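Undergrad: Have a look at this one before I ask anything.
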Amino acid sequence: MQGNHPHNDPLLVKLQISTYEVSRVLIDTGSSVNLIFRQTLIKMMVDLKDIKPSSRALIGFNGSSTQLLGTIRLNVFVGGVSKLVKLSVIDTKTQYTTILGTPWLQMMKAVPSTYHLCAKFLPEKGTSSRSKGTNVSQEAC
């Protein structure tokens, strides 16, 4: 994607969750929750017993609801910054591994750009760093 603007690609990044490099992470500025999918946790070999059960449901933009399995706290590392992030766990099929929404963006002091397919991170001290997005058509799924 060298200078192919405009486009309608989602902002997908690779980042480290716990000790695993995770690809196909969607940065979603319209999501009010951080999600990780059960299948992603299984691939990461995370003990599903670490999920704190929840009776809450996730309500989509069209009003449909999906029952949460619960929440889990995992370290997310990107741009030289590591934060313990609360992720809601759901069991559904999706092309993404994780969806990070506005709670994570604010916690990380991240500035996403869907136009440039990247996110800039402002660490506590020092210089800022950037995580370049990946084009979903170029990445093996």
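Numbering (the working numbering) for the sequence shown: -18 to 122. In this text, a Cβ means the ideal position worked out from N, Cα and C, and glycines have one as well. Owing to the predicted nature of the structure, the values given are computational and were not obtained by experimental measurement.
If you draw a straight line from the alpha carbon of Leu(-4) to that of Asn43, how long is it in whole angstroms?
TA: Those two C-alpha atoms are separated by around 29 Å.
Undergrad: Please look up how many angstroms separate the CB atoms of Asn15 and Ser69, rounded, as I've assumed it's under 8 Å.
TA: Right, their Cβ atoms sit about 7 Å apart.
Undergrad: For Ile32, tell me which candidate among Ser63, Leu22, Gly41 has the shortest Cα-Cα distance.
TA: Comparing Cα positions, the closest option is Leu22.
Undergrad: Could you work out which residue in Thr52, Asn56, Val57 is closest to Leu29 when comparing CA atoms only?
TA: Of Thr52, Asn56, Val57, the residue nearest in Cα terms is Thr52.
Undergrad: In terms of residues, what are the limits of the beta strand (DSSP E) holding Lys24?
TA: From DSSP, Lys24 is part of no beta strand (DSSP E) but of the alpha helix (DSSP H) over 19 to 24.
Undergrad: For Leu131, which of Arg37, Gly60, His97, Leu81 has the nearest alpha-carbon?
TA: Nothing about residue 131 can be read from this structure; the chain reaches only from -18 to 122.
Undergrad: Cα separation between Leu39 and Lys67?
TA: Whole-angstrom Cα-Cα distance: 15 Å.
Undergrad: Tell me which same chain residues have a C-beta within less than 8 Å of the C-beta of Gly82, skipping the five on either side of it?
TA: For Gly82, where only same-chain residues beyond five positions count, the Cβ hits under 8 Å are Asp9, Thr10, Gly11, Ser12, Ser13, Val14, Asn15, Leu16.
Undergrad: Cα-Cα, which of Ser94, Thr78, Gln48 is closest to Gln20?
TA: Nearest option by C-alpha distance: Thr78.
Undergrad: What does the alpha-carbon distance come out to for the pair Thr47 and Lys24?
TA: One C-alpha to the other measures close to 22 Å.
Undergrad: Among the residues of its own chain, which have a CB less than 7 Å from the CB of Lys74, if the five just before and after it don't count?
TA: If we look at Lys74 and ignore the five residues flanking it on each side, it has no Cβ neighbours.
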